[in-house]
Amino acid sequence: MAALAAGLLFGLGLVVSGMVNPAKVLGFLDVAGDWDPSLAFVMAAAIPVATLGFRLGGRMQAPLCATAFAPPARRRIDARLLGGAALFGVGWGLAGFCPGPALASLSFGGWRALAFVAAMLVGMGLFRLAERGGTTGAEQPAARPG
Amino acid sequence: MTQFTPYSAAAGGALIGASAALLWVALGRVAGISGILGGLAGAPAGEPGWRLAFLAGLVAAPLLYVATFGAPEVLIAADPVRLAVAGLLVGFGTRLGTGCTSGHGVCGIARLSPRSIAATGIFMATATATVFLSRHVLGG
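Chain order of the listed sequences is A and B. Residues in the first sequence are numbered from 708 upward in steps of one, following the numbering used here. Residues in the second sequence are numbered from 4 upward in steps of one, following the numbering used here.
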């Protein structure tokens with residue numbers, strides 16, 4: 708199954724690249740300290756390879772195992788996009804975990820990885836509640852329903 | 004503090020790129036982890052299958068890696084409070100901003116999406132600013 712294979716490749720890539728190590732991620736983000744630029748090479752390698760895939764897809768009528776391509780629908784650069792990205796960056800910089808590596812390190816990251824993933828799921832749940840017009844997540848500046 | 008490892012980083016990056024290419028060519032889906040995970044809740048019937056399969060692979064691949072090569076070097080220094088706050092911000096922020104390092108940072112930039120390029124610039128900026136403040140100003 709293609710999705711499983713893609714997940715395996717992604718998880719392997721995260722481990723091999725060192726993205727699963729928060730200390731390394733923080734070393735990459737610490738440009739004013741003892742900077743470890745390694746993770747720039749992850750992006751530098753991932754983007755051209757992914758580009759080939761998107762180019763190839765652009766020449767196809769439909770994906771191999773689905774009826775249609777499903778690109779992200781939103782086009783506008785708005786406050787939600789930028790506010791969400793800003794909040795995400797602060798969280799990423801606090802612990803060194805972004806969603807993929809956090810999930811990938813569940814099997815060996817101990818309780819800390821588990822705690823982060825649990826909190827991340829709560830954060831996603833709070834967003835769903837806020838979207839529905841709930842009053843939770845009041846400390847988040849952009850929590851108003853859009 | 005950590006070793007400079009350009010070759011393994013690039014090799015891992017190429018695997019991540021190949022995963023994104025495969026998911027697009029085979030299923031027409033963007034390999035954004037926060038979107039795949041967050042979309043599980045409230046997804047239409049029959050839709051969650053590929054999401055679960057992808058996430059299963061994402062969690063299982065490291066297990067296979069550890070069984071074959073041993074555990075990778077991992078240091079999670081954050082205390083429980085910091086982990087909780089960070090997790091909440093990452094979960095909420097990636098849903099509000101509709102993407103994270105994979106969806107915006109890798110796939111979005113590869114698709115030349117202006118939204119993703121803007122989002123990546125912002126989260127890189129706030130992440131480096133957060134590390135700067137916590138390490139060099141607040142000394143934590």
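Built from N, CA and C at the ideal position, the CB exists for glycine as well.
Quick one: Cα of residue i to Cα of residue j, how far?
i        : j        : result
A:Val727 : A:Phe834 : 25 Å
B:Gly111 : B:His139 : 32 Å
A:Leu836 : B:Gly42  : 14 Å
A:Leu788 : B:Leu99  : 7 Å
A:Phe815 : B:Gly35  : 22 Å
B:Thr97  : A:Phe795 : 6 Å
A:Ala713 : B:Phe135 : 35 Å
A:Pro852 : A:Ala780 : Reliability fails at A:Pro852, whose pLDDT of 44 lies under 50, so the model's placement of it is uncertain and no value is given.
B:Tyr10  : A:Phe748 : 8 Å
A:Ala710 : B:Phe57  : 5 Å
A:Val723 : B:Leu78  : 15 Å
B:Arg54  : A:Met708 : 12 Å
A:Gly764 : B:Thr8   : 32 Å
A:Ala757 : B:Leu26  : 10 Å
A:Ser745 : B:Ala12  : 6 Å
B:Gly16  : B:Gly45  : 31 Å
B:Ala24  : A:Ala793 : 27 Å
A:Glu838 : B:Gly108 : 24 Å
For a quick check, are the C-beta atoms of residue i and residue j less than 9 Å apart?
i        : j        : result
B:Ala64  : A:Leu715 : yes
B:Leu67  : A:Gly830 : no
B:Leu61  : A:Leu810 : yes
B:Val93  : A:Gly798 : yes
A:Gly803 : A:Pro729 : yes
A:Leu828 : B:Val88  : no
A:Phe761 : B:Ala122 : no
B:Thr5   : A:Asp743 : yes
A:Phe776 : A:Ala769 : yes
B:Gly20  : A:Pro755 : yes
A:Ala826 : B:Leu86  : yes
B:Arg32  : A:Ile784 : no
Here's the rule: buried if 16 or more other CB atoms are within 10 angstroms of the residue's CB, otherwise exposed. What is residue i?
i        : result
A:Phe823 : buried
B:Cys103 : buried
B:Phe95  : buried
A:Ala771 : For the record, residue 771 of chain A in the displayed sequence is Leu; it is not Ala. Burial call: exposed.
B:Leu30  : buried
A:Thr774 : exposed
A:Asp741 : exposed
B:Phe126 : buried
A:Val738 : exposed
A:Arg782 : exposed
B:Thr101 : buried
A:Leu736 : buried
B:Leu115 : exposed
Less than 6 Å between C-beta atoms, sequence neighbours within five positions excluded: which residues of the same chain meet that for residue i?
i       : result
B:Gly38 : Gly106
Looking at the structure shown, is residue i part of a helix, part of a strand, or coil, going by DSSP?
i        : result
A:Phe735 : helix
B:Thr2   : Any question about residue 2 of chain B goes unanswered here, given that chain B covers just 4 to 143.
B:Phe72  : helix
A:Ser814 : helix
B:Thr129 : helix
B:Glu50  : coil
A:Pro770 : coil
B:Leu43  : coil
A:Gly844 : Low confidence applies here, because A:Gly844 scores a pLDDT of 44, under 50, leaving its location unreliable and the question unanswered by this model.
Once you ignore the five residues that flank residue i on each side, which residues in its own chain have a CB closer than 7 Å to its CB?
i        : result
A:Ser812 : Val727 and Ala820
A:Leu733 : Gly803
B:Thr129 : none
B:Ser22  : Ala34
Closer than 9 Å, CB to CB, is residue i near chain C or not?
i        : result
A:Gly832 : No chain C appears in this structure, whose protein chains are A and B.
Taking 8 Å as the line, does the beta carbon of residue i fall inside it for any heavy atom of the ligand ATP?
i       : result
B:Val69 : In terms of ligand content, the structure shown is empty, and the ligand ATP therefore cannot be addressed.
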